[in-house]
Amino acid sequence: MVYLLKFGASWILPPGIFILLFFALAVWLWKKRGEKKAAAILFGLTFVFYLLCTGFVAEKTMGSLESVYAPPENPSGDVIIMLGGGAYNDTPDVDGTGTLCSSPASRLLTAVRLQRKLDVPILLSGGQVYEDTGAEAKIAKRVLMSLGVPEDKILTETKSINTSQNAKYSAEILRENGLSRPILVTSAFHMKRSVLNFAKQGIDVEPFPTDYMVAHHPVFHYTKLRPQTETLLDNVTVLQETLRTFVTRYLE
C-alpha cells in the first residue's frame, strides 16, 4: 500500500501533473481539433520527458556513466586529490561556519578514509564559484582537521571554479611538491570528464570514484516508472556530463 500511495502521489505533484496535462492536451488536439500532426509531436515530446523523469531510465543512463571506472581494490599513490562540488559559506556547522554540499561531502568521506589507509597528503581542489558560495577547499580543510587529519597532510587549491581549472591548478601544485602518483576522488558520474581534464594537463591519475547515484545492480519495481524531479535531475546531469566531456575532448 505504501508503494501504491507513492506511485499515485507522483501524478498529482510536479512533474507528474504536467505530464498528465500535456498528454490530455495531445488527446484533445487529436480528437477535438483534428490537429493530428501537432498532437503526435506533443505526445512524443511528452513521452520522452516522462521517460527522463523515471528512475527506470535514470538507472540505465546514470549507471552507464558511473560504471566507466571502478574503485581499485588496492589503491596506491603519493597524494589524494579531492575535487570540490559546491559549498555554502554562511551555513552553521559543528565546528564553525560553512558547509560542503552533499556530493563533495561524500567525496570528502572517501578521501579521509583513503588518507588514513595510505597516510598520504590530501590535495583539496575548489575555489569560491559565486559570491554567496563558500571557498570549498578552505571549508573542506577545516572539516578534515576536525576529523583528525593533520594540517601538514592537507594541501589546498583555492582558485579553480570548474573541472578544467581543478586539473590545471592541481597539476601546478603537484609539480611544486614533487608529487606524481595522484589518486583522484570525485563523484562517479564526474570521473570520466575529470580524468580527461587531468590527462590534458599531463597528469595520469588513479581514479577512485565515489558518491554513487544509482545501484550497480538495480532491481525493477513499478514505482520506478513514476515521474520524479530527482530522476529528471539525474538524467539532466548525464546529459550535461556528456556535453561537457565532448567540449573538453574536442573544443578546449
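Residue numbers (my numbering): 33 to 284.
Think of the CB as a built atom: it goes at the ideal place given N, C-alpha and C, for glycine as much as any other residue.
Alpha helix (DSSP H) containing residue i: first to last residue?
i	result
residue 263	261-282
residue 195	195-208
residue 167	Counting along the chain, residue 167 falls outside any alpha helix (DSSP H), and DSSP gives it neither H nor E.
residue 73	68-84
residue 254	Looking at the DSSP string, residue 254 is not in any alpha helix (DSSP H), and its letter there is neither H nor E.
If you follow the beta strand (DSSP E) that residue i is part of, which residue opens it and which one closes it?
i	result
residue 157	154-157
residue 102	Counting along the chain, residue 102 falls outside any beta strand (DSSP E), and DSSP gives it neither H nor E.
residue 61	No beta strand (DSSP E) holds residue 61; the alpha helix (DSSP H) holding it covers 48-63.
residue 128	128-132
residue 216	214-219
residue 111	111-115
residue 120	119-125
residue 8	The structure shown does not extend to residue 8, since the chain is modelled only from 33 through 284, so no value can be given for it.
residue 45	Residue 45 -> no beta strand (DSSP E), and no H or E assigned at all.
residue 187	186-189
Mind checking residue i: buried by the 16 CB within 10 Å criterion, or exposed?
i	result
residue 201	buried
residue 243	buried
residue 287	Past the edges of the chain, shown from 33 to 284, lies residue 287, and the structure says nothing about it.
residue 230	buried
residue 49	exposed
residue 173	buried
Please report how far the alpha carbon of residue i lies from the alpha carbon of residue j, in whole angstroms.
i	j	result
residue 342	residue 109	What the structure shows of the chain is the stretch from 33 to 284, and residue 342 is not part of that stretch, so it cannot be assessed.
residue 143	residue 62	56 Å
residue 203	residue 161	20 Å
residue 46	residue 81	12 Å
residue 156	residue 35	41 Å
residue 134	residue 52	32 Å
residue 54	residue 273	28 Å
residue 194	residue 226	10 Å
residue 283	residue 228	13 Å
residue 259	residue 58	18 Å
Thinking residue i and residue j are a contact (beta carbons under 8 Å), I'd like their distance in whole angstroms, please.
i	j	result
residue 163	residue 132	About 18 Å separates the two Cβ atoms, so there is no contact after all.
residue 103	residue 116	That pair is no contact at about 20 Å.
residue 251	residue 98	About 17 Å separates the two Cβ atoms, so there is no contact after all.
Touch test, the segment 267-284 against the segment 84-94, Cβ-Cβ under 8 Å, three pairs minimum: yes
So does the segment 142-157 actually touch the segment 203-215, counting three or more Cβ pairs closer than 8 Å? yes
Stretch-stretch touch, CB-based, cutoff 8 Å, three pairs: the segment 173-184 with the segment 72-89: no
Validate contact between the segment 194-210 and the segment 120-129 using beta carbons, cut 8 Å, 3 pairs: no
Given 8 Å, three or more beta-carbon pairs between the segment 80-89 and the segment 98-117: no
Given 8 Å as the limit, is there contact between the segment 51-67 and the segment 218-228, that is, 3 or more CB pairs closer than that? no
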